[in-house]
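**Student:** Just passing along the structure, written as structure tokens.
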Amino acid sequence: MSKNETGPHLPAAPKQSTAHPDSSAEELPLDLHSALRTVQEAERSARRNLGGNTALVYLLWGTTWIIGYGSLWGTQQGLLELDPPAALGVLGVALAAATLTTIVLFARSSRGVRGQSAFQGGMYGLAWALGFTVMAAMSAVIGNSVDEFWLRGLLVNSIAVLVVGLLYITGGIIFNDKAQSLLGIWLLLVTIAALVSGPDFFLAVFLFLGATGLLAGSAVEYLRTRRQRNG
Amino acid sequence: MPELDPVIHAESRLRALTTLNEVGENNQIAFTKLQKMLDMTAGNLSTHLRKLETAGYVEVTKTIEGRTPATYVGITPEGKAAYARYRKNLHDLLSGLA
């Protein structure tokens, strides 16, 4: 190995653009520190481009829970001048918007990659779609069978968060993401707390414990990504 | 003294192989997406991928998506092993410098 290759500081790669003329297949040899920097930067860039923005997704869902459950809880407690069905409508619209945005974000990051991870991502997406289709059907049955509005809400939302919690745990296993699995476990614990607290208090549990868990997950992901970017 | 694989030890090929290693052995990435991620010209990336392909480190697959031709690139098991060897040797050499 030449002295040049082991020297600590050869000129680094251009900062703005690494595009080279088409004919330059041969490049100046890298020194060891430049090689390590190149590897670290390429790894960070690949993870950023391929992994999607998980922090943004958790932030989106945390905010959705605050808006949706906040509206329902505020209505239930008499803090907002909304009818319960109107507050339920706010939750529905917020959930629909968040779902659509999440689909777009993940579709953008997974576009252009095929193979095992595309299969895993596709099946995981299908699991979400089927899980919520079953949940919607179950909600219709509950809606026809249970007269009391807030008890109906407790049952429907607990089933929804059960599906979300289980799929977060599964997602963590598939994509080797411990934080996602832990968030799933937290949401299942929140569901138990909501069911135990009953129709009068379940909204406070989802609002204060569930949304907090999602926002904490967003903060953890943001800090983890920033640490990776800064090496 | 460990040696660094000269096929990998060039900036563009090191960036390309690192990215393909992140994409994973059982996955392939579209040439256009890889080009955008690496900020390289199509001709330059092709040239470097050809070198990696000749060494058996990457596999280039041409296909048709709808009516459009598409090229996908993936790291081979040999490429993954060579990359892991390169990283270990780089680490050992840097440890020796410290």
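As given, the protein sequences belong to chains A and B, one line each in that order. Using the numbering used here, the letters of the first sequence map in sequence onto residues 1 to 231. Using the numbering used here, the letters of the second sequence map in sequence onto residues 1001 to 1098. Glycine included, every Cβ here is placed at the ideal spot set by N, Cα and C. The model shown is predicted, which means the values in this text are computed figures rather than measured ones.
Looking only at its own chain, which residues have a Cβ that is under 7 Å from the Cβ of residue 3 (chain A), when we skip the five neighbours before and after it?
**Tutor:** Low per-residue confidence applies at residue 3 (chain A): pLDDT is 36, beneath 50, and the placement is therefore not dependable enough to give any value.
**Student:** With a CB to CB cut of under 8 Å and the five nearest residues on each side skipped, what residues in its chain are close to residue 21 (chain A)?
**Tutor:** Residue placement at residue 21 (chain A) cannot be trusted, given a pLDDT of 41 that sits under 50; the coordinates are not used to answer.
**Student:** Looking at residue 194 (chain A): is its Cβ nearer than 9 Å to the Cβ of residue 158 (chain A)?
**Tutor:** For residue 194 (chain A) and residue 158 (chain A), yes; Cβs fall inside 9 Å.
**Student:** So residue 1029 (chain B) contacts chain A; which residues on that side make the cut at Cβ distance below 7 Å?
**Tutor:** Per Cβ cutoff of 7 Å: 112 and 113.
**Student:** Quick check on DSSP: helix, strand or coil for residue 23 (chain A)?
**Tutor:** With a pLDDT of only 42 at residue 23 (chain A), under the threshold of 50, the placement of this residue in the model should not be trusted, and no figure is reported.
**Student:** Would a C-beta distance cut-off of 9 Å place residue 114 (chain A) and residue 1021 (chain B) closer than the cut-off?
**Tutor:** Not in contact: residue 114 (chain A) and residue 1021 (chain B) (Cβ atoms no closer than 9 Å).
**Student:** Is there at least one Cβ from chain A nearer than 9 Å to residue 1076 (chain B)'s Cβ?
**Tutor:** False, the Cβ-Cβ gap to chain A never drops below 9 Å.
**Student:** Under the assumption that residue 121 (chain A) contacts residue 179 (chain A) (Cβ atoms under 8 Å), give the Cβ distance between them as a whole number of angstroms.
**Tutor:** 18 Å between Cβ atoms; not a contact.
**Student:** Is the separation between the beta-carbon of residue 1014 (chain B) and that of residue 38 (chain A) shorter than 9 Å?
**Tutor:** Cβ atoms of residue 1014 (chain B) and residue 38 (chain A): closer than 9 Å.
**Student:** Let me check one thing: in DSSP terms, what residues is residue 1062 (chain B) bridge-paired to?
**Tutor:** DSSP output for residue 1062 (chain B) lists B:1071 as bridge partner(s).
**Student:** Please list the terminal residues of the continuous alpha helix (DSSP H) segment that includes residue 87 (chain A).
**Tutor:** First-last of the alpha helix (DSSP H) with residue 87 (chain A): 84-110.
**Student:** Using DSSP's beta-bridge definition, name the partner residues of residue 115 (chain A).
**Tutor:** Paired residue(s): B:1027.
**Student:** Consider the Cβ of residue 1019 (chain B): report whether some Cβ of chain A lies at a distance smaller than 9 Å.
**Tutor:** Residue 1019 (chain B) counts as touching chain A.
**Student:** Grab me the residues of residue 1002 (chain B)'s own chain with a C-beta within less than 7 Å of its C-beta, minus the 5 sequence neighbours each way, in chain order.
**Tutor:** So the qualifying residues of the chain are 1089, 1092 and 1093.
**Student:** Can the beta-carbon of residue 1073 (chain B) be found less than 9 Å from the beta-carbon of residue 1034 (chain B)?
**Tutor:** Yes, Cβ-Cβ distance for residue 1073 (chain B) and residue 1034 (chain B) is below 9 Å.
**Student:** Give the residues of chain A in contact with residue 1023 (chain B), contact being defined as C-beta atoms less than 9 Å apart.
**Tutor:** Simply 46, 50, 113, 115 and 117.
**Student:** From the beta carbon of residue 1062 (chain B), is the nearest beta carbon of chain A less than 9 Å away?
**Tutor:** Taking Cβ atoms only, chain A never reaches closer than 9 Å to residue 1062 (chain B), which makes this a no.
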